[in-house]
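Per this note's numbering, the sequence shown runs over residues 1380 to 1498.
C-beta: ideal position from N, C-alpha, C; glycine also.
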Amino acid sequence: MAVLDPDREHFRCDGTTIVRLDGEIDIATAEEAYSRLSTAVLEACAIVDLSGVGFIDASGVNVLIGAARLASGRRRHLLIASAPRQLHRILDVLELRSVLPTHPDTLAARATHAAWASH
């Protein structure tokens, strides 16, 4: 499994794919969510739009971390947009903000990606 790359902003890439996840991301839906994210990062950099997610548990956080590791290993970006308040609390408690930085919305995530990709 690839280690997360702290120099992710130095990856060179073209564009992003937006993957919108909805509903709950928990043990019952984690496998499907990971499948969607891994497919996306194998193709291109990805923005995970969580605006439709009402609940996320440890399984969901593991999905995001796993997808971030896969993206890093492929020299791709994975950005989180519109994270629910619950995810913000989890990231703070587990000190994962540097691993899974969040953006207020997909526009902000795209702007961050454009800045990273232009270096």
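ask   = Which residue from 1439, 1405, 1420 puts its Cα closest to that of residue 1457?
value = Closest by alpha carbon: 1420.
key: Residue span of the beta strand (DSSP E) that contains residue 1478, given as start and end   = Run containing residue 1478: none; DSSP gives neither H nor E here.
Distance CB(residue 1444)-CB(residue 1470) smaller than 8 Å = Taking 8 Å as the Cβ cut-off, residue 1444 and residue 1470 do not qualify as a contacting pair.
request  = Sort out for me which residues DSSP pairs residue 1403 with in a bridge.
outcome  = Looking at the DSSP assignment, residue 1403 forms a beta bridge with 1434.
query = Taking the alpha carbon of residue 1465 as the point to measure from, which residue in 1449, 1492, 1431 has its own alpha carbon closest?
reply = Comparing alpha-carbon positions, the option among 1449, 1492, 1431 lying closest to residue 1465 turns out to be 1431.
message = Please state the DSSP three-state secondary structure of residue 1428.
response = DSSP places residue 1428 in strand when its eight states are reduced to three.
ask   = Which residue or residues does DSSP assign as beta-bridge partners of residue 1398?
value = In the DSSP assignment, residue 1398 forms a beta bridge with 1427.
inquiry  = Measuring straight from C-alpha to C-alpha, what distance separates residue 1394 and residue 1449?
reply    = Taking the straight line joining both Cα atoms gives about 18 Å.
message = Can you tell me which residues form a DSSP beta bridge with residue 1460?
response = Looking at the DSSP assignment, residue 1460 forms a beta bridge with 1428, 1482.
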